[in-house]
Amino acid sequence: MAQFTVFDILRNLLLATQWTVVLSIVSFIGGGLVGMLVLFARISNRGWLRLLGRGYVELFQGTPLLMQLFLAFFGLALFGISVPAWLAAGLALILWTAAFLGEIWRGCVQAVAKGQWEASASLGMGYFQQMQHVILPQALRVAIPPTVGFSVQVVKGTALTSIIGFIELTRAGTVVTNATYQPFLVYGLVALIYFCLCWPLSRASQILERKLNVAHSHH
Amino acid sequence: MQYQWNFDWLANYMPVFVNGVAITIELILVGAVLGVCLGIVCAWVRALGPVWLKPFVAAYVELIRNTPFLIQLFFIFFGLPSLGMKLTALQAANIAMVVNLGAYSCEIIRAGIQATPRGQFEAGASLAMTPLQTFRHVVLVPALQRIWPALASQIVIVMLGSSVVSQIAVEDLTFASNFVQSRNFRAFETYLVATLTYLALAIALRKVLDGVGWVIFPRRKV
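Those protein sequence lines, which keep their order, are chains B and L. Using the working numbering, read the first sequence as starting at 144 and increasing by one per residue. Using the working numbering, read the second sequence as starting at 5 and increasing by one per residue.
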């Protein structure tokens, strides 16, 4: 039987980690873009758009990410395209991330005092001018810490894509375990790598929250 | 392309789904009750407990919150037996959910405890209560009341997250749908039914937790 050193195991895990990182970044950026649409739907003046946005958020926050991955994987196949796992994984994660980011940002926009809307309206600004010059810059400051914090959920969410066959850190952990019969060591290392990815993001979120809160209290 | 929807199989496989739903409910029931208890103990340590214990709880919370639930599950189910701890899949799933919710609820409940006005602790002390008595009889319930909506959301998130326990062959709702779609070859419809069932479960769980809050907390503004 072949022998595996800890170094061999770690090297294989780290090779797979790059796919976890790539998928996380793609999902986060893609989710952010779609999340903007969700945000604008949620705070729209039109009732039907608000309803649509709310339905979207309810649907994606009220069902397991794993089910969304399965539906993306088998749903895309219905259109007659054979779907590679990475495509289904990316699509599901983007839509899932968008629901959460859109909802986080909605809270931030609605936290901007109502007087700011009224003041900018009284200056004759249109909706998009108000958004661009008055509301979004203020909302952005409140939004940064929870947005960074949510990126941790995205990184952890990518672990589920192993189940539909995308080869990333968790999948590599399973493969390496099957080769080495050392689940305690391998899954311990996998957990440690995830921790090294997520913990700095968590810390950054906490530090930013403290910093921006201090700035806020000067008002 | 014209896709032919087919839900004819649903009646035949209903018992499988019902069984899966029952297991999912069992998982979240055990997970929520024990997880919140663990969370209360950990929150007490972090907010008011002995200094030497705090770093251990902090490490536990950070470790759980910064690793995927799936890996925690694999570590418990595949990793711990090599230390001599033999667990059934269901036990491993229960433990993983309790440990996971314990860490998240610790942080939520701690926020509730730390928002307690100083006067409450002083009032307890002036009635000759020990710090632990003050915590138990004066601080805890209003603290939980303050953060109940956040705690309820977290419990719903853990319930939805429980779908991955199918990966260690716990026969929950996801496992049931995997089984059914391997028999009827109607993957999309099967997972659609399962997804909508989860949505219904999430909405129902939310209502139940609101109801629990209504029953256990005195109906006044804190």
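Glycine is no exception: its CB is placed at the ideal position from the N, C-alpha and C atoms.
Identify whether residue i lies in helix, strand or coil by the three-state DSSP scheme.
i, result
"residue 9 of chain L", "coil"
"residue 221 of chain L", "coil"
"residue 146 of chain L", "helix"
"residue 89 of chain L", "coil"
"residue 121 of chain L", "coil"
"residue 266 of chain B", "coil"
"residue 188 of chain B", "coil"
"residue 59 of chain L", "helix"
"residue 146 of chain B", "coil"
"residue 135 of chain L", "helix"
"residue 157 of chain B", "helix"
"residue 320 of chain B", "helix"
"residue 224 of chain B", "coil"
"residue 310 of chain B", "coil"
"residue 189 of chain L", "coil"
"residue 214 of chain L", "helix"
"residue 378 of chain B", "With chain B covering only 144 through 362, there is no way to say anything about residue 378 of chain B."
"residue 247 of chain L", "The structure shown does not extend to residue 247 of chain L, since chain L spans only 5 to 226, so no value can be given for it."
"residue 167 of chain B", "helix"
"residue 104 of chain L", "helix"
"residue 16 of chain L", "helix"
"residue 70 of chain L", "coil"
"residue 218 of chain B", "helix"
"residue 254 of chain B", "helix"
"residue 116 of chain L", "helix"
"residue 206 of chain L", "helix"
Can you list the residues of chain L that residue i reaches, using a CB-CB cut of under 8 Å?
i, result
"residue 203 of chain B", "Going along chain L, no residue has its Cβ under 8 Å from residue 203 of chain B, so there is no contact; the nearest lies around 10 Å."
"residue 330 of chain B", "75, 78, 79, 82, 83"
What does residue i reach in chain L if we use C-beta pairs closer than 9 Å?
i, result
"residue 338 of chain B", "66, 67, 70, 71"
"residue 345 of chain B", "66, 69, 70"
Which chain L residues sit within Cβ distance under 7 Å of residue i?
i, result
"residue 342 of chain B", "66, 70"
"residue 302 of chain B", "72, 74, 75"
"residue 292 of chain B", "In chain order: nothing, as chain L lies at least about 10 Å away."
"residue 333 of chain B", "75"
Does the distance from the CB of residue i to the CB of residue j come in under 8 Å?
i, j, result
"residue 215 of chain L", "residue 152 of chain L", "no"
"residue 162 of chain B", "residue 311 of chain B", "yes"
"residue 286 of chain B", "residue 155 of chain B", "no"
"residue 281 of chain B", "residue 298 of chain B", "no"
"residue 230 of chain B", "residue 211 of chain B", "no"
"residue 155 of chain L", "residue 40 of chain L", "yes"
"residue 101 of chain L", "residue 186 of chain L", "no"
"residue 183 of chain B", "residue 244 of chain B", "no"
"residue 168 of chain B", "residue 329 of chain B", "no"
"residue 236 of chain B", "residue 166 of chain B", "yes"
"residue 135 of chain L", "residue 57 of chain L", "no"
"residue 43 of chain L", "residue 106 of chain L", "yes"
"residue 68 of chain L", "residue 313 of chain B", "no"
"residue 193 of chain L", "residue 21 of chain L", "no"
"residue 213 of chain B", "residue 71 of chain L", "no"
"residue 206 of chain L", "residue 164 of chain L", "yes"
"residue 253 of chain B", "residue 277 of chain B", "no"
"residue 120 of chain L", "residue 85 of chain L", "no"
Which residues in chain B sit within 8 Å of residue i, going by Cβ to Cβ distance?
i, result
"residue 86 of chain L", "325, 326, 327"
"residue 21 of chain L", "Simply none; closest approach about 13 Å."
"residue 7 of chain L", "221"
"residue 178 of chain L", "207, 209, 210"
"residue 34 of chain L", "What residue 34 of chain L touches in chain B: nothing, since even the nearest Cβ is about 18 Å away."
"residue 171 of chain L", "306"
"residue 61 of chain L", "The premise fails here: residue 61 of chain L is roughly 16 Å from chain B at the closest Cβ pair, so nothing lies under 8 Å."
Determine, using beta carbons only, whether residue i comes closer than 8 Å to chain D.
i, result
"residue 297 of chain B", "As a matter of chain content, chain D is missing from the structure shown, whose protein chains are B and L."
Residues of chain B with CB under 9 Å from residue i, in chain order?
i, result
"residue 165 of chain L", "207, 208, 209"
"residue 207 of chain L", "201, 205"
"residue 202 of chain L", "205, 206, 207, 210"
"residue 199 of chain L", "202, 206, 207, 210, 211, 213, 214"
"residue 143 of chain L", "What residue 143 of chain L touches in chain B: nothing, since even the nearest Cβ is about 24 Å away."
"residue 25 of chain L", "In chain order: nothing, as chain B lies at least about 13 Å away."
Mind pulling the chain B residues with CB within less than 7 Å of residue i?
i, result
"residue 275 of chain L", "Here chain L covers residues 5 to 226 and nothing more, so residue 275 of chain L does not appear."
"residue 174 of chain L", "Going along chain B, no residue has its Cβ under 7 Å from residue 174 of chain L, so there is no contact; the nearest lies around 13 Å."
Checklist entry - For the segment 307-325 of chain B, which residues have a beta carbon sitting closer than 8 Å to at least one beta carbon of chain L? => result Cβ contacts with chain L come from 313, 316, 317, 320, 325.
Item to check | chain L contacts from the segment 195-224 of chain B (Cβ-Cβ distance under 9 Å) | outcome: Residues passing the 9 Å Cβ filter: 201, 202, 204, 205, 206, 207, 208, 209, 210, 211, 213, 214, 216, 217, 218, 220, 221, 222, 223.
Item to check | Members of the segment 186-197 of chain L near chain B, C-beta cut-off 8 Å | outcome: So the list reads 191, 192, 195, 196, given in the order they occur along the chain.
Item to check | Near-chain L residues of the segment 170-182 of chain B (beta-carbon distance less than 7 Å), N- to C-terminal order | outcome: If the cut-off is 7 Å between Cβ atoms, the segment 170-182 of chain B has nothing near chain L.
Checklist entry - Of the residues that make up the segment 103-125 of chain L, which ones have a beta carbon closer than 9 Å to any beta carbon in chain B? => result None of the residues of the segment 103-125 of chain L has a beta carbon lying less than 9 Å from any beta carbon of chain B.
Next on the checklist: Any C-beta of chain B within less than 7 Å: which residues of the segment 36-51 of chain L qualify?
Outcome noted: Look at the segment 36-51 of chain L: it has no residue with a C-beta under 7 Å from a C-beta of chain B.
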